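One point on numbering: in my numbering, the residue at position 156 of the sequence shown is 138, and numbering is uninterrupted.
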Amino acid sequence: MASNHSRRLLFLSPLLAMPAQHGGCVYPHALLQELRRQGLAIDYGWLGAPLVGGRRWMRNPLLDSCATTSWVRGTWRVGPLLIPATLGGWLGQPEKLPSDSSAHGGEHLATPAQRRFAARLIGRLRPRNVLIDTIPMLGLLDDLAPAARRQLQVGVLTHNLVHRRTELYRAHHQPLDFLPMNEAEETALLERADFLVAIQEREAEAFRRMLPGKRVITVPMPLRAQPLAPSAETPGRALFVGGYSGHNIAAVQWLTAEIWPRVRRAVPHAELVVAGTVGRALKEPVAGVRTVGPVGNLENEYAATSVCLVPLPLGTGLKIKLVEAMGYGRAVVTTPAGAEGFAELEAGRVAVVAEGAATFAEQVARLLLSAPERAAVVRRQTAWLEHALAPAAALEPLTDLL
């Protein structure tokens, strides 16, 4: 175990680690929050430039968050506020980004400005441990002198296997709302890290095959289960939560076109609530389906729900909304793609796993009509969460390194 002197971590991310957002934000927030609870100090360097392009000030969104201290690129701190640190920021000049980034959900490789910010922060803080968020950002430290780089232990939160995600999206004709890569490109970036953090064991195995000899650890999303009372459920209600990304778009279209009509034939009073920006993918009204858009407090939606649906036809990483629903004590029905990553999940010994629209609909209807069967699924899910995602156990491979 590292000494107290080195119990600090510099976290560099293009994203805001926040709860109640998409999985790419929720996962690092949960991880950093638990590391802080275990006594680790978190220095958070946000690589975004929120005050470039016209904004004159904003409240620091990292106050009272998962960070001990925070730095935001292109800003100065004035108490709880951030103001532009450059003339261009005050004049509202937009930042120059790689030309193809807008086509990939804003995702891109580390820019020169981001590399300079990271180098300055490392020079100021002199950390031992650095954790870079997302594989495309692994070029952040390319400008460091070799001697300075050798002083660092650098890890990367991979989130998913990017080249496999690229292949899946192309095979399913989904828009590439992330920076696509082939295996060689991904491997070249991963070589820069001293260790890789995989979010699930299947992807950890793939990383080990790609980079023999590289240290790879598995750190799923740490989760403290907080089951909601079954008495709050609305009879016949199901919930799907998702952002506007390719795998969620494919899921909600399949769900509403092929699965939900079958559920309604078996359970005529059934109602499906679609929460999150993925609702924009539904262009026409669907019988028994209600879209509510982004929801500030998802706990209320989970509380009113009998069954949560994760009908992903494709996907990589760990499905955050799947484990989130389990944590709230709601029975989950998912697909083999949704369950991928952990043997017990894949085998259907935790949540209900169903393949094909007819089987999926049958399982949803069965649970909607039977409170005892829902309760049995919830008991299995809660037991698995307490075994597999309990914070101390989930984070142990990482805390041992730090």
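Note that the Cβ used here is the ideal one computed from N, Cα and C, for glycine as well. These numbers were taken from a predicted model, which means no experiment stands behind them.
Alpha carbon to alpha carbon, how far is residue 303 from residue 268? Give it in angstroms, no decimals. Residue 268 sits at position 286 when you count from the first residue of the sequence shown. Residue 303 sits at position 321 when you count from the first residue of the sequence shown. When rounded, the distance between both Cα atoms is 23 Å.
For the stretch 76 to 143, which segments carrying the alpha helix (DSSP H) assignment without a break, of at least 4 residues, lie completely within its bounds, in sequence order? Under the rule that a run must span 4 or more residues, the alpha helix (DSSP H) segments found entirely inside the stretch 76 to 143 read 94 to 107, 128 to 132.
Quick check: the Cα distance between residue 348 and residue 297, rounded to an integer number of angstroms? Locating residue 348 in the sequence shown gives position 366, where the first residue counts as 1. Locating residue 297 in the sequence shown gives position 315, where the first residue counts as 1. If you draw a straight line from the Cα of residue 348 to the Cα of residue 297, it comes to about 26 Å.
If you count every other CB in all the chains shown that lies within 10 Å of the CB of residue 375, and 16 or more means buried, which is it? Working through the sequence shown from its first residue, we reach residue 375 at position 393. Under the 10 Å beta carbon count, residue 375 is surrounded by fewer than 16 other beta carbons and is classified as exposed.
Just curious, the alpha helix (DSSP H) that residue 356 is in, first and last residue? As a position in the sequence shown, residue 356 is number 374, starting the count at 1. Note, residue 356: alpha helix (DSSP H), 353 to 370.
Return the Cβ separation of residue 300 and residue 181 in integer angstroms, given the expectation that the two are a contact with Cβ distance under 8 Å. Residue 300 sits at position 318 when you count from the first residue of the sequence shown. Residue 181 sits at position 199 when you count from the first residue of the sequence shown. The C-beta distance from residue 300 to residue 181 rounds to 5 Å, short enough to fall under 8 Å.
Look at residue 202 and residue 330 and say whether their C-beta atoms are less than 9 Å apart. By one-based count along the sequence shown, residue 202 stands at place 220. By one-based count along the sequence shown, residue 330 stands at place 348. 9 Å or more divides the Cβ of residue 202 from the Cβ of residue 330.
What does DSSP give as the partner residues of residue 40 in its beta bridges? Indexing the sequence shown from 1 puts residue 40 at position 58. Paired residue(s): 64.
In terms of residues, what are the limits of the beta strand (DSSP E) holding residue 257? For the purposes of this step, residue 257 is taken as the residue at position 275 of the sequence shown. 253 to 257 is the extent of the beta strand (DSSP E) around residue 257.
Check the Cβ-Cβ distances between residue 100 and every residue of chain B, and say whether any is below 9 Å. This model lacks chain B altogether, as it is built from one protein chain only.
Separation of residue 383 from residue 275, as counted between CA atoms: Translated into the one-based positions of the sequence shown, residue 275 becomes position 293. Translated into the one-based positions of the sequence shown, residue 383 becomes position 401. Rounded to whole angstroms, the gap between the alpha carbons of residue 275 and residue 383 is 40 Å.
In chain order, which continuous runs of the beta strand (DSSP E) of length 3 or greater are located wholly inside the stretch 208 to 283? Secondary structure in the stretch 208 to 283: the beta strand (DSSP E) runs of 3 residues or longer, each lying completely within the stretch, are 219 to 223, 253 to 257, 271 to 275 in chain order.
Reduced DSSP secondary structure (H/G/I, E/B, other) of residue 146: Walking along the sequence shown from the start, residue 146 turns up at place 164. It is helical.
Is it buried or exposed, residue 213, if we count other Cβ atoms within 10 angstroms and call 16 or more buried? As a first step, residue 213 must be located in the sequence shown, where it is residue number 231. Label assigned to residue 213: exposed.
Bridge-paired residues (DSSP) for residue 27: Residue mapping note: residue 27 aligns to position 45 of the sequence shown, counting from 1. Answer by DSSP bridge pairing, in chain order: -6, 53.
Alpha carbons only, please: which of 316, 228, 341, 28 is nearest the one belonging to residue 359? The count along the sequence shown starts at 1 and reaches residue 359 at position 377. Checked all of 316, 228, 341, 28; the closest Cα to residue 359 is 316.
Exposure of residue 473, with buried meaning 16 or more beta-carbon neighbours within 10 Å: Residue coverage of the chain in this structure runs from -17 to 384, which leaves residue 473 outside it and unanswerable.
Run of the alpha helix (DSSP H) containing residue 381, from where it starts to where it stops: Sequence index remark: in the sequence shown, residue 381 carries index 399 (1-based). Residue 381 -> alpha helix (DSSP H) spans 373 to 383.
Among 175, 280, 151, whose alpha-carbon lies nearest the alpha-carbon of residue 116? Indexing the sequence shown from 1 puts residue 116 at position 134. Taking only the C-alpha atoms, the option nearest residue 116 is 175.
Per DSSP, the bridge partner or partners of residue 181: The residue you call residue 181 lines up with position 199 of the sequence shown. Looking at the DSSP output, residue 181 shares a beta bridge with no other residue.
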